[in-house]
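J.: Encoded as structure tokens, here's the structure I'll be asking about.
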Amino acid sequence: MLRFFDLIFSLMGLIFGFPFFLFIYIWGLFDTGSPVFKQERIGRNKKPFILVKFRTMAVGTVSVASHLASGTSITKMGGVLRKTKLDELPQLWNVLKGDMSFVGPRPCLFNQIELIEARSARRVFDVRPGITGLAQVNSIDMSTPELLAGTDAKMIVEMSIVNYFKYIFQTALGSGAGDRIK
16 MLRFFDLIFS
26 LMGLIFGFPF
36 FLFIYIWGLF
46 DTGSPVFKQE
56 RIGRNKKPFI
66 LVKFRTMAVG
76 TVSVASHLAS
86 GTSITKMGGV
96 LRKTKLDELP
106 QLWNVLKGDM
116 SFVGPRPCLF
126 NQIELIEARS
136 ARRVFDVRPG
146 ITGLAQVNSI
156 DMSTPELLAG
166 TDAKMIVEMS
176 IVNYFKYIFQ
186 TALGSGAGDR
196 IK
């Protein structure tokens, strides 16, 4: 049932959000010259997929978890996009394709070994990663791998239609601070 909601909402978001996508894309051309950011992440059953976001850091910034990246890499536009979470909009495409869900554990990078091990032990990779979830609305980021993996596992066990919509609305209303930057 949740996949049905993912399909409907991502398709609607892509269609009705197109003017925003276009505006942010053009703004990004002036900001970095390369407004779309693509990165390989770990998906369901540890299968790799390409995550798509609007670029918030300078082109050429090293590919590490946000909490390890330098804050000086964030562009002026990137700061606005991160604060408003608009940098996540292109992930609607990942949701539509089935790589992600609206709600699930945030997808990690292959070089985040401690987090991968903690999530593997708790079977977090059995589900699709998500744009938001319990950890995100509680400002738990990838800098605390054990806490994050435990929170993700709790969310998975307690997932319901009510919680699915609760995490989406909490995120839309500003809960959570996103991934920390040094």
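The numbering of the sequence shown is my numbering, which starts it at 16 and goes up by one. Here a beta-carbon is modelled for each residue, glycine too, at the ideal position from N, C-alpha and C.
To the nearest angstrom, how far is it from the Cα of Met16 to the Cα of Ile183?
T.: When rounded, the distance between both Cα atoms is 16 Å.
J.: Which full runs of the beta strand (DSSP E) of 3+ residues lie inside the region 95–162, going along the chain?
T.: As far as the region 95–162 is concerned, its whole beta strand (DSSP E) runs of at least 3 residues are 116–118 and 145–147.
J.: Can you tell me where the beta strand (DSSP E) with Arg56 in it begins and where it stops?
T.: It spans Val51 to Ile57 - the beta strand (DSSP E) in which Arg56 sits, taken as one unbroken run.
J.: Just how far apart, CA to CA, sit Asn153 and Tyr40?
T.: Whole-angstrom Cα-Cα distance: 30 Å.
J.: Quick check: what's the CA-CA separation for Arg138 versus Thr147?
T.: Going from the Cα of Arg138 to the Cα of Thr147 covers about 18 Å.
J.: Please name the residue in Phe24, Phe31, Ile30 and Leu111 whose C-alpha comes closest to that of Val67.
T.: When only C-alpha atoms are compared, the closest one is Leu111.
J.: Using 8 Å for Cβ pairs, my map puts Asp21 next to Ser175. What's the rounded Cβ distance?
T.: Not quite, the Cβ-Cβ distance comes to about 15 Å (not below 8 Å), so this is no contact.
J.: Can Gly43 and Val51 be called in contact, C-beta distance under 9 Å?
T.: The answer is yes: Cβ separation under 9 Å.
J.: For Gly93, count neighbouring Cβ atoms within 10 angstroms of its own Cβ and tell me buried if that reaches 16, exposed if not.
T.: Buried.
J.: So, Leu163 versus Pro120, is the Cβ gap smaller than 9 Å?
T.: Result yes, Cβ atoms of Leu163 and Pro120 sit closer than 9 Å.
J.: If contacts are defined as beta-carbon pairs under 8 Å, then Thr99 and Ala73 qualify, I think. What distance do you get, rounded to the angstrom?
T.: About 19 Å; that fails the 8 Å criterion.
J.: Could you tell me if Val118 is buried or exposed, where buried requires 16 or more neighbouring beta carbons within 10 angstroms of its beta carbon?
T.: Buried is the call here.
J.: Please classify Met174: does DSSP put it in a helix, a strand, or coil?
T.: The answer is coil: DSSP assigns Met174 none of H, G, I, E or B.
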